[in-house]
Structures are given as C-alpha cells and as structure tokens.
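Colleague: Mind having a look at this structure? Questions to follow.
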Amino acid sequence: MTSENFWIGFGLTGQCLFTARFLVQWLSSERQAKSVIPMAFWYLSVSGGMVLFIYALYRADPVFIIGQSTGLFIYLRNIHLVLRSRQRERSEAEAAPVTLRFPLAAQASEQQTQSRRGAA
Numbered sequence: 000m001t002s003e004n005f006w007i008g009f010g011l012t013g014q015c016l017f018t019a020r021f022l023v024q025w026l027s028s029e030r031q032a033k034s035v036i037p038m039a040f041w042y043l044s045v046s047g048g049m050v051l052f053i054y055a056l057y058r059a060d061p062v063f064i065i066g067q068s069t070g071l072f073i074y075l076r077n078i079h080l081v082l083r084s085r086q087r088e089r090s091e092a093e094a095a096p097v098t099l100r101f102p103l104a105a106q107a108s109e110q111q112t113q114s115r116r117g118a119a
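Everything in the sequence shown is counted per numbering that gives the first Met the number 0, starting at 0 for the first residue and increasing by one.
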C-alpha cells in the first residue's frame, strides 16, 4: 500500500463516519416519530470531523481545513452543552424534595374527610 492509498482510505473512513451520523439521526427520529439529535450523532460528527480535519491537513487544503475546524468547534460545543444540561438536570433532581405517597393512607384520609362532611 502506498502512502497516497493510505491517505485516501483514511479520508474515506472519515467521510463514512461523518455520513453515518445522518443515518443514526434519521433512525432515532423515526423511532421517536419526531426530529431528534442523539448523542451518537455528535460523537460521530467529532470522530468523522477529526479524521477529515487530519486528512485536510495532509492535503494542505486551506478551504477543507477551515471548514472542518469550524465544524469540530460546533460539534464539541454541542456535546459540552448536552453534558452540562444533563448534569444540571441531575443536580436539580437530587435537590428536589421527595414526596412519599402511600395509597392506602391517602384513601383512609379521604374516607375520613368524607365521613366528617357527611356527619356535619
């Protein structure tokens, strides 16, 4: 295998990773019957974008380098925002007061209230 063939294979691998994200997004949206962007989409975006960025550096293509570096920033920022949002939701869930409900006790209390109303 020549060096050139290696780099072509490397670039094609990056393009396949990058393209796979749309398949993941489409299947997830179909499954949920609404448009969604799963985390796998962002991870495939970073993986494919990084491989293509390296390939662009090898090719010394400034247009390709700028395009991939901009995309990588956006993909990494989205991953950061999703992870930060999940962490915030976990913190809020842990801080929320816990209300215990006992169905039988609630029924008994309701029956007592109704009995008092009926006696009055």
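C-beta: ideal position from N, C-alpha, C; glycine also.
Can you tell me which of the three DSSP states Val133 falls into?
Modeller: Outside the shown range of the chain, which is 0 to 119, sits residue 133, and nothing can be said about it.
Colleague: How many Å lie between Ala92 and Phe40 at the Cα?
Modeller: Within the sequence shown, numbered from 1, the residue matching residue 92 stands at position 93. Within the sequence shown, numbered from 1, the residue matching residue 40 stands at position 41. Their Cα atoms are separated by approximately 26 Å.
Colleague: Given a cut-off of 7 Å on the beta-carbon distance, is the pair Gln67 and Gly48 in contact?
Modeller: Here residue 67 refers to the residue found at position 68 when the sequence shown is read from its first residue. Here residue 48 refers to the residue found at position 49 when the sequence shown is read from its first residue. Yes.
Colleague: Touching or not, the segment 57 to 74 and the segment 25 to 39, by the rule of three or more beta carbon pairs under 8 Å?
Modeller: Cβ pair count under 8 Å is below three, so no.
Colleague: On the CB-based measure, 16 or more other CB atoms within 10 Å of its CB, does Gly155 come out buried or exposed?
Modeller: Past the edges of the chain, shown from 0 to 119, lies residue 155, and the structure says nothing about it.
Colleague: Roughly how many whole angstroms lie between the Cα atoms of Ser44 and Glu88?
Modeller: Counted from its first residue, the sequence shown places residue 44 at position 45. Counted from its first residue, the sequence shown places residue 88 at position 89. Each residue's Cα considered, the two are about 25 Å apart.
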